[in-house]
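For the sequence shown, my numbering gives the first residue as 712, with consecutive numbering after it. Just below is one structure, and these are the notes that go with it.
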Amino acid sequence: MGPIYTLADFLDMLRRRAGLILFVFLLGCVASVFFALSQQHVYSSSEVIQVEQPIVKDDLAPSTVDGSSARRLQLIEQQVMARNSLLEVIDKFGLYKNMPGLMQIEKVSRLRGAISITGMAAVREGFADDGAISVITITANMDSPENAQAVAHEIADRTRLLATEQREESTRETLDFFEQQEDKLIVELAALEAELTAFRKENDLSIEGSLEFRRDEIGNLNASLLELDREIISTQLARTRIDRTARAETVARQEREIEAQLSSLTTQRRLLDQRRTALSKSLETSPEVELELAQYTRRISQIQGQLDVVSTRRSEAEVGFSLEAGARSERMITLEEAQVPEAAITRSRKTLAMVGAVASVMVAVGIAFLLELLNPVVRSARQMERETGLRPVVSIPMVDTDGRGGFKGRWQSRREAGQRGRAARQARKLRQG
């Protein structure tokens, strides 16, 4: 145990160590004052931005901007906090001109640490978290009220501008992509239709479905030939029924008529038969033609289907671009503009000096108490009885007989007294043992 057990011992320690305590206290006060004077005041200014939902609902006119508000805010923050962007802000407002020794990277690091961008999530709809942001707070902590307000407002303006530019650029690129795809498919479809037209012309398939038409025509020709054969047979039978007993002129006239009719029927049959033969020959290559024609038809159908899908997407992209151009989609508006702060957010120099003074007192008393623990000395009869268990008969004050004075003499005397106290405690322990 140490020599400090009671309030009287503590007060006696303060009296004996008053010089040391006063020295440490004054030294701490001076250091606190210099520290307080070296500290700069920090002023904080914030601008609040509200993220408004689209005027036209997504169910009616969906936007082509992908991703949640939180993800887009993260991308915007990365661009705003980029080195070139912060250097533009530093040059615009002349920040850190009072620190000419700072390098650019140090200025950027200081400004990046002085700016914070935080987003507040919107209320969930149901159990799904859609990542929507309702409020964005931009805070700037600077060494002057004007700089704090200017930087916060500038970063807020850049955030709003980047958000608008990103959405417009995204919708513009989406629309351009689908327009290019649509033009490409239209060109491919036109080229394929031109090839199909040339193929039909080459194979005498100018009429849609001409292969089926030719087969039907051959069937009709067969029916016509059958009908002509019947008429020829009937005419030939009619010639055998001529009345040969009639006048010679009448018989001759009837034979001429029948011969003329047979000649006409025979000519018609020959022409129809030639047509049927030509059609039959043209159908001999029809499997290859049909296969090639089916391939053309299938490719045209595929491209037409792709074109229909791309046209639909392009129409949706046009709607999304119109929404962005007309500011009818998600947008950011200023809810609270950054104001010039009236007071600093850091402690005042007076408060810092007072806190330093209180800390100096505590450190000084702590040093004094530590010295007492390192040099325990019995200084009174009460301490002698408490430490050794022996009650002194009489207390004789120490008389300086060797002329030792001053701080060194007092230190030597206290050392010898401590040694005598330790010897007395050891003697008591030996007697008890």
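From the three backbone atoms N, C-alpha and C, an ideal C-beta is built for every residue, glycine too.
Using a beta-carbon distance below 8 Å, is residue i in contact with chain B?
i: LEU907; result: No chain B appears in the structure shown, which is made up of a single protein chain.
According to DSSP, which residues form a beta bridge with residue i?
i: ALA832; result: ILE844
i: TYR754; result: MET853
i: GLU763; result: ARG1042
i: ILE826; result: ALA851
Can you tell me whether residue i is buried or exposed, with buried defined as 16 or more other CB within 10 angstroms of its CB?
i: ILE1044; result: exposed
i: GLN751; result: exposed
i: GLN860; result: buried
i: THR829; result: exposed
i: PRO811; result: exposed
i: ASN858; result: buried
i: ALA874; result: buried
i: ALA1134; result: exposed
i: ILE787; result: buried
i: ILE847; result: buried
i: GLU1127; result: exposed
i: SER1012; result: exposed
i: GLY1016; result: exposed
i: MET1073; result: exposed
i: ARG783; result: buried
i: VAL862; result: buried
i: ARG1161; result: The structure shown does not extend to residue 1161, since the chain is modelled only from 712 to 1144, so the question has no answer here.
i: MET831; result: exposed
Under 8 Å between the Cβ atoms of residue i and residue j?
i: LEU976; j: GLU1001; result: no
i: SER755; j: THR850; result: yes
i: GLY1067; j: PHE746; result: yes
i: ILE929; j: LEU990; result: yes
i: ALA1028; j: LEU886; result: yes
i: ALA1150; j: PHE736; result: Lying before the first or after the last residue shown, residue 1150 is absent from the chain, which here runs from 712 to 1144.
i: VAL762; j: ILE844; result: yes
i: ALA1049; j: SER757; result: yes
i: MET724; j: GLU1053; result: no
i: ARG883; j: PHE1032; result: yes
i: ILE1078; j: VAL753; result: no
i: ILE801; j: TYR807; result: yes
i: LEU896; j: ARG1010; result: no
i: ARG926; j: GLU1035; result: no
i: SER743; j: ALA1064; result: yes
i: ILE953; j: GLU970; result: no
Beta-carbon within less than 8 Å of residue i's beta-carbon, same chain only, minus the 5 sequence neighbours each way: which residues are those?
i: ARG823; result: MET792 and LEU797
i: GLU893; result: LEU1018, VAL1021, SER1022 and ARG1025
i: GLU906; result: TYR1007
i: ARG821; result: TYR807 and LEU813
Looking only at its own chain, which residues have a Cβ that is under 6 Å from the Cβ of residue i, when we skip the five neighbours before and after it?
i: GLY1114; result: Its pLDDT being 49, under 50, GLY1114 is placed unreliably in this model, and the value from its coordinates should be taken loosely. Answer for GLY1114: no residue qualifies.
i: GLY730; result: none
i: SER935; result: LEU983
i: ARG869; result: VAL791
i: LEU973; result: THR946
i: ILE732; result: ALA1075 and ALA1079
Looking only at its chain, what residues have a beta carbon closer than 7 Å to the beta carbon of residue i, apart from the 5 residues adjacent to it on each side?
i: ILE866; result: VAL791, ILE826, ILE849 and ALA851
i: ARG986; result: LEU932
i: GLU938; result: none
i: ALA1138; result: none
i: ARG1042; result: GLU763
i: ALA833; result: ALA843, ILE844 and SER845
i: PHE889; result: VAL1021, ARG1024, ARG1025 and ALA1028
- Could you give the uninterrupted runs of the alpha helix (DSSP H) lying entirely in the region 1002 to 1086, keeping only those of 4 residues or more? 1060 to 1085
- Query: What are the complete beta strand (DSSP E) segments, minimum 3 residues, inside the region 889 to 969?
  - Reply: Taken in chain order, no unbroken stretch of beta strand (DSSP E) lies wholly in the region 889 to 969 with a span of 3 residues or more.
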